[in-house]
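*Asks:*
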Amino acid sequence: MFKIIALTQEASVFFNGLGSEFTPPHVFRMEAERRSQGLPVYNFRLGDIDKGLNIAPAFKKGMADALEEPIVYGASAGLPELRQLLVEKFRKTFNLTGDPLNVCVGPAKSFISKLILTLLNPGDRMALSAPNYPIWESWLGTVGAVKSPYIYRPDHTESLDIGSLEKALKGAKCLVINDDHNPTGITFSSKTVSQIMELLNRPENRNILVIVDIAYHAVRYEGVSNIAPLIQLIMDQKRGAIIWSYSKEGAMTGSRLGALALPNIPLHSSSSEITTLFQAISKLQSNVESCPPGPMQKALLSALKDEEGSQQTLHANNKILKRRRDVLSDSLSQIPGIRFTIPNSGFFFWVDITDLLHQTRLGTCENFRCVLLKETGISVATQDQFGADSSSGQTYIRLSFSGMSEESIQLAGDQFKQWCDMKTRLRT
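Going by our numbering, the letters in the sequence shown line up with residues 269 to 696, in that order.
As structure tokens, this is what we get:
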């Protein structure tokens, strides 16, 4: 019989630090049990897509053409022609001029780990929002770095608590900014962007490297993005990077396509071949996955060349997502005891259930989630997954509307209201 091998001490420390964005196993079991009984599950917990959204025709053609050719190794940072088109895309989108811009192609999520492994030592501090996309915090834990939290306030006109950001930057080596935010859906006002830039231009903050997560930048329903001046600033000062996701923009969450874009940021290294952050990321990528998948890159290249067609697909998808968002908003607005802000972008509602939790006397956010799922089939994500600010005394759940039809969202919304009415009547 095979003898069980013990993890090394280093591996044990590594896996203890590594977290997860995913749902706890007991929730999967509860969903599976309902399905086995022929009962519906309304999956609001995962920011996924469904067949109601469209894939750009040029992407499909590019993929088909690529599969007619040998699938071979490529450059570790991605196909040169694709990287150049992405440089042009980012320059046009954010009005970037000046120094060369480097692009590394790969899953957007993967660049979180690559940046943290490259930049942070044990004890180093990263200024990170509360709440946040959980993979940032997960990788901080693996390297022994420390989160320095600043607060997003979805129920305020100016949604970033600038005072908390000022405190978080003290002693920080890096700052992560997530506009069109996951999980809250917040888009920064021009005033907030100006305040962030003012803080970053202070002498004591001029050595902080800034990473801007723009995964949901193109998934927009109203208003405009105001993030471009901040991106221009950090690129001009050679101390910034952006993480972009075609998986979201192209409505193909499982494609794992994205890019990291950054100027020539110098690194102090004992290696004579590694003098910039881009070189370090490229070498790390070469050792982890050799290169991004060739057919996916060629499909994206085809989509970027057909800018007009891809934009038409994007706008059509955004109209579909907006209708789904509006159906969910209308349903949630009928439920007493919850508060939320309608997101202008992204896939998510960040819903304050503090009063509802008190009215139903269900105790914890996790217990609320489990009872709701067991009794209605509605599956949600909780604030516990996103590093939310516990000091506020508020309790939140996240609901994604991207992977369900309008009809399913309406049906689930009606179920949610009926369940809330029943629970609050029972407790009173």
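Each residue gets a CB set at the ideal place from its N, CA and C atoms; glycine is no exception.
(1) With DSSP as the reference, label residue 622 as helix, strand or coil.
(2) May I have the straight-line CA-CA distance separating residue 480 from residue 295, to the nearest angstrom?
(3) Assuming residue 588 is part of the alpha helix (DSSP H), what are its boundary residues?
(4) Hey, how far is the Cα of residue 326 from the Cα of residue 518?
(5) Taking just the CA atoms, how far does residue 410 sit from residue 545?
(6) Starting from the C-beta of residue 452, find all residues in its chain whose C-beta is less than 7 Å away, skip the five residues before and the five after it, and write them out in chain order.
(7) Quick one, which of 460, 647, 528, 666 has its alpha-carbon nearest residue 303's?
(8) Does the Cβ-Cβ distance between residue 441 and residue 393 come in under 8 Å?
(9) Does the structure place the region 571-578 close enough to the region 325-339 that three or more beta carbon pairs sit under 8 Å?
(10) Helix, strand or coil: which one does DSSP assign to residue 471?
(11) With residue 610 and residue 624 assumed to form a contact (beta carbons below 8 Å), what rounded beta-carbon distance in angstroms separates them?
(12) For residue 621, I'd like the list of residues in its chain whose CB is within less than 8 Å of its CB, leaving aside the five on either flank, ordered along the chain.
(13) Below 8 Å, how does it come out for the region 527-537 and the region 591-599: are there three or more Cβ pairs, yes or no?
(14) In chain order, what residues of the same chain have a beta carbon less than 8 Å from the beta carbon of residue 462, not counting five sequence neighbours either side?
(15) So within the region 374-407, which uninterrupted beta strand (DSSP E) runs reach at least 3 residues, ignoring any that extend past its ends?
(16) Can you tell which of 376, 642, 407 has the C-alpha that lies nearest to the C-alpha of residue 389?
(17) Express the C-alpha separation of residue 312 and residue 429 in angstroms, rounding to a whole number.
(18) Please name the residue in 478, 569, 602 whose C-alpha comes closest to that of residue 508.
(19) Could you compute how far the alpha carbon of residue 553 sits from the alpha carbon of residue 427?
(20) Apply the 10 Å Cβ neighbour rule to residue 651 and answer buried if 16 or more other Cβ atoms are within range, or exposed otherwise.
(21) Among the candidates 483, 533, 338, 495, whose CA atom is the shortest distance from the CA of residue 512?
(22) Excluding five sequence neighbours on each side, which residues of the same chain lie with their C-beta closer than 6 Å to the C-beta of residue 688?
(23) Assuming residue 523 and residue 344 make a contact with CB atoms under 8 Å, what is their CB distance in whole Å?
(24) Kindly list the residues whose CB is nearer than 7 Å to the CB of residue 516, restricted to its own chain and excluding five residues on each side of it in sequence; keep chain order.
(25) In its own chain, which residues sit with a C-beta less than 8 Å from the C-beta of residue 489, not counting the 5 before and 5 after it?
(26) Could you tell me which of 567, 499, 670 sits nearest to residue 319, measuring between CA atoms?
(27) Run the CB neighbour count on residue 283, radius 10 Å, all protein chains shown included, and call it buried at 16 or more, exposed below.
(28) Note the first and the last residue of the continuous beta strand (DSSP E) segment covering residue 481.
(29) Can you list, in chain order, the residues of its chain with a C-beta nearer than 8 Å to that of residue 363? Leave out the 5 residues immediately preceding and following it.
(30) Span of the beta strand (DSSP E) holding residue 511?
(31) To the nearest angstrom, how far is it from the Cα of residue 314 to the Cα of residue 472?
(32) Would DSSP call residue 519 helix, strand or coil?
(33) Are residue 569 and residue 353 close, meaning C-beta to C-beta below 8 Å?
(34) Under a Cβ-count criterion, where at least 16 other Cβ atoms within 10 Å of its own Cβ denotes burial, should residue 503 be classed as buried or exposed?
(35) How would you label residue 333, buried or exposed, when you count the other beta carbons within 10 angstroms and need 16 or more for buried?
(36) Mark residue 449 as exposed unless 16 or more other C-beta atoms lie within 10 angstroms of its C-beta, in which case mark it buried.
*Replies:* According to the structure data:
(1) helix
(2) 32 Å
(3) 575-600
(4) 11 Å
(5) 20 Å
(6) 399, 420, 422, 618
(7) 647
(8) yes
(9) yes
(10) helix
(11) The Cβ separation is near 18 Å, so there is no contact.
(12) 605, 606, 633, 636, 663, 664, 665
(13) no
(14) 497
(15) 393-398
(16) 407
(17) 28 Å
(18) 478
(19) 35 Å
(20) buried
(21) 483
(22) 603
(23) That belief does not hold up - the Cβ atoms of residue 523 and residue 344 are roughly 19 Å apart, past 8 Å.
(24) 483, 484, 487
(25) 586, 589, 590, 593, 611, 612, 613
(26) 670
(27) exposed
(28) 477-481
(29) 496, 500
(30) 508-513
(31) 40 Å
(32) coil
(33) yes
(34) buried
(35) exposed
(36) buried
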